[in-house]
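Q: Shown below is the structure under consideration.
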């Protein structure tokens, strides 16, 4: 096992996430060009998604050449006991349109457990950090999620997929959730949503579709801020469904979602 601590990993991840963010700000044109699409014509990749991931991979390899990396654009490489989970731009459509809600997200696993996470929400100049057992932070402020909020007064963040059939189901689920909560927020970046939860800007979050790189770092920030994260019926969070909120609200939100069968697609 590596002799590096969670704090050591966090320091390196933060340096890399900041450098990638600076590069993206410097190179982003007025309207970035779509380079490719993924799951649908509206699920896009820009050249800067790939440039950001290439930079992040290069910096990791300079300091930790034997580590594994899982990136949204470049897939899985290496087989080390330490693995880096990279989303070079979470919220690419926001990035494309100039909406200031996109982030560079980097998490570090050691023996299968996420021990460090950084979410750099670049347009806002906010860098959220967390190390296992060391709390969640925004700058010098320790974060605590909102607690004791009942479902009917909860501000809930969510998001939507790119495939039309899935969106139809998500709209149906939302129609049942919306009358039972304070309101809904849709930011367009799962990593940013989870950090907003950690900072008390929303009370809860649920979404079907986000991949591991979308929530690995933000999930650690949220849990280190006191939140619970998971899936339905005791399962871990996954692309099938991820729920996050303080204990108590988590259970209420979970129980609201279960009969709606939110893991299905049309």
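Numbering (our numbering), first residue to last: 1 to 266.
The beta carbon of each residue, even a glycine, is placed where N, CA and C say it ideally should be.
1) Compute the Euclidean distance between the alpha carbons of residue 206 and residue 218, then round it to the nearest angstrom.
2) Among the residues of its own chain, which have a CB less than 8 Å from the CB of residue 259, if the five just before and after it don't count?
3) CA-CA distance, residue 110 and residue 71?
4) For a minimum of 4 consecutive residues, which ranges assigned as the alpha helix (DSSP H) are wholly contained in the region 207-249?
5) Rounded to whole angstroms, what is the Cα-Cα separation between residue 47 and residue 261?
6) I'd like to check one pair, residue 230 with residue 239: are the Cβ atoms closer than 9 Å?
7) Helix, strand or coil for residue 135, going by three-state DSSP, please let me know.
8) Relative to the alpha-carbon of residue 9, which residue among 107, 203, 162 and 144 has its alpha-carbon at the smallest distance?
9) Taking only runs of the beta strand (DSSP E) that begin and end inside the region 84-162, which ones reach a length of at least 3 residues, in chain order?
10) Could you pull the start and end residues of the alpha helix (DSSP H) that residue 48 belongs to?
11) Quick one: measure Cβ to Cβ for residue 213 and residue 121, integer angstroms, because I've assumed they're closer than 8 Å.
12) Can you find the residues in the same chain that come closer than 6 Å, C-beta to C-beta, to residue 147, ignoring five residues on each side of it along the sequence?
13) Measure the C-alpha to C-alpha separation of residue 6 and residue 118 and round it to an integer number of angstroms.
14) Mind the definition here: the region 88-108 touches the region 184-200 only if three or more C-beta pairs lie below 8 Å; say whether that holds.
15) Which stretch, first to last residue, makes up the beta strand (DSSP E) that contains residue 76?
16) Taking the alpha helix (DSSP H) that residue 70 falls in, what are its first and last residues?
17) Report the three-state DSSP secondary structure of residue 200 (helix, strand or coil).
18) Give me the residue from 53, 64, 143 and 171 with the minimum Cα distance to residue 263.
19) DSSP three-state label for residue 82, please.
20) Around the C-beta of residue 73, are 16 or more other C-beta atoms found within 10 angstroms, so that it is buried, or is it exposed?
21) Going by Cα to Cα distance, which pick from 232, 221 and 210 is closest to residue 91?
22) Kindly indicate which residue of 157, 164, 198 and 199 has the alpha-carbon position closest to the one of residue 182.
23) Enumerate in chain order the residues of its own chain whose CB-to-CB distance from residue 252 is below 6 Å, with the five nearest sequence positions on each side excluded.
24) How about residue 136 and residue 51: do their beta carbons lie closer than 9 Å?
25) Should residue 131 and residue 149 be called a contact, given that it needs their Cβ atoms to be closer than 9 Å?
26) Roughly how many angstroms lie between the CA atoms of residue 97 and residue 31, to the nearest whole one?
27) Tell me whether residue 185 sits in a helix, a strand or coil according to DSSP, three-state version.
28) Using 8 Å for Cβ pairs, my map puts residue 53 next to residue 68. What's the rounded Cβ distance?
29) Near residue 14, what residues of its chain come up, given a Cβ to Cβ distance below 7 Å and the 5 sequence neighbours on each side ignored?
A: In short, the structure shows the following:
1) Counted from its first residue, the chain shown places residue 206 at position 206. Counted from its first residue, the chain shown places residue 218 at position 218. Distance between the alpha carbons of residue 206 and residue 218: 13 Å.
2) Taking the first residue of the chain shown as position 1, residue 259 is located at position 259. Cβ neighbours of residue 259 beyond the five flanking positions: none.
3) Position 110 of the chain shown, counting from 1, holds the residue named residue 110. Position 71 of the chain shown, counting from 1, holds the residue named residue 71. Roughly 16 Å separates the two Cα atoms.
4) 212-224
5) Counting from 1 along the chain shown, the entry for residue 47 is found at position 47. Counting from 1 along the chain shown, the entry for residue 261 is found at position 261. Residue 47 and residue 261: Cα-Cα distance of roughly 37 Å.
6) On the chain shown, position 239 is the one that residue 239 refers to. On the chain shown, position 230 is the one that residue 230 refers to. No, the pair does not count as a contact, with Cβ atoms beyond the cut-off.
7) Along the chain shown, one-based indexing puts residue 135 at 135. Note: residue 135 maps to strand in three-state DSSP.
8) Numbered from 1 along the chain shown, position 9 holds the residue referred to as residue 9. That would be 107, whose Cα lies nearest to the Cα of residue 9.
9) 103-110, 113-121, 126-131, 135-138 and 155-157
10) In the chain shown, the residue the question calls residue 48 occupies position 48. Segment 47-63, the alpha helix (DSSP H) holding residue 48.
11) Locating residue 213 in the chain shown gives position 213, counting from the first residue. Locating residue 121 in the chain shown gives position 121, counting from the first residue. Incorrect: roughly 16 Å between the Cβ atoms, too far for contact.
12) As a position in the chain shown, residue 147 is number 147, starting the count at 1. Once the five neighbours on either side are set aside, the close Cβ partners of residue 147 are 246.
13) Here residue 6 refers to the residue found at position 6 when the chain shown is read from its first residue. Here residue 118 refers to the residue found at position 118 when the chain shown is read from its first residue. Whole-angstrom Cα-Cα distance: 12 Å.
14) yes
15) The sequence position of residue 76 within the chain shown is 76, counting from 1. Counting along the chain, the beta strand (DSSP E) containing residue 76 begins and ends at 75-77.
16) As a working mapping, residue 70 is identified with position 70 in the chain shown. Run containing residue 70: none in the alpha helix (DSSP H); it sits in the beta strand (DSSP E), 68-71.
17) Residue 200 sits at position 200 when you count from the first residue of the chain shown. Coil at residue 200, not helix or strand.
18) Residue numbering aside, residue 263 sits at position 263 when the chain shown is read from its first letter. The residue with the shortest Cα to Cα distance from residue 263 is 171.
19) In the chain shown, the residue the question calls residue 82 occupies position 82. Residue 82: strand per DSSP, three-state reduction.
20) Within the chain shown, numbered from 1, the residue matching residue 73 stands at position 73. The residue in question, residue 73, is buried, as its Cβ has 16 or more Cβ neighbours within 10 Å.
21) Against the chain shown, residue 91 aligns to sequence position 91. Of the listed residues, the one whose Cα sits closest to residue 91 is 210.
22) Position 182 of the chain shown, counted from the start, is the residue given in the question as residue 182. It is 157 whose Cα lies nearest to the Cα of residue 182.
23) Residue mapping note: residue 252 aligns to position 252 of the chain shown, counting from 1. These residues qualify, in order along the chain: 151.
24) Sequence index remark: in the chain shown, residue 136 carries index 136 (1-based). Sequence index remark: in the chain shown, residue 51 carries index 51 (1-based). No, the Cβ-Cβ distance between residue 136 and residue 51 is not below 9 Å.
25) Indexing the chain shown from 1 puts residue 131 at position 131. Indexing the chain shown from 1 puts residue 149 at position 149. No, the Cβ-Cβ distance between residue 131 and residue 149 is not below 9 Å.
26) Counted from its first residue, the chain shown places residue 97 at position 97. Counted from its first residue, the chain shown places residue 31 at position 31. Spanning the two alpha carbons is a distance of roughly 7 Å.
27) In the chain shown, counting from the first residue as 1, residue 185 sits at position 185. Residue 185: strand per DSSP, three-state reduction.
28) For the purposes of this step, residue 53 is taken as the residue at position 53 of the chain shown. For the purposes of this step, residue 68 is taken as the residue at position 68 of the chain shown. Not confirmed; about 15 Å, so no contact.
29) Along the chain shown, one-based indexing puts residue 14 at 14. So the qualifying residues of the chain are 118, 127 and 129.
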